[in-house]
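Residue numbers (this note's numbering): 1 to 94. What follows is a short report on a single structure.
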């Protein structure tokens with residue numbers, strides 16, 4: 001077995017948000033059972049959340065927290081600004 005296969009980097013699901021953190025039957029995102037045993041689950045999830053789709057997901061979470069009164073305007077603005085910087089950095093790197 002190659003080193004990459006042992007580490008999980010060679011998997012076609014690595015870093016794809018809809019595969020490693022899909023929306024479950026109740027409308028909430030859930031980690032699939034197969035991912036719980038994967039040795040690369042942390043790096044995989046980080047890669048998924050830093051992708052364009054992951055950044056959009058994070059933005060949605062910020063919006064939900066604001067509407068629920070869990071975060072204030074300044075904290076929301078700060079988080080959204082950081083996400084905007086990540087998007088710009090990723091686009092410049094392409």
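Beta carbons are placed, not taken as given, at the ideal position from N, Cα and C, and that holds for glycine.
If you look at residue 64, you'll find it in the alpha helix (DSSP H) that goes 52-67.
For residue 26, the three-state secondary structure derived from DSSP is coil.
Taking 8 Å as the upper bound for CB-CB distance, residue 62 and residue 80 are in contact here, some 6 Å apart.
Looking only at 78, 34 and 50, the smallest Cα-Cα distance to residue 17 is reached by 50. In the DSSP assignment, residue 46 falls within the alpha helix (DSSP H) that extends over 41-49.
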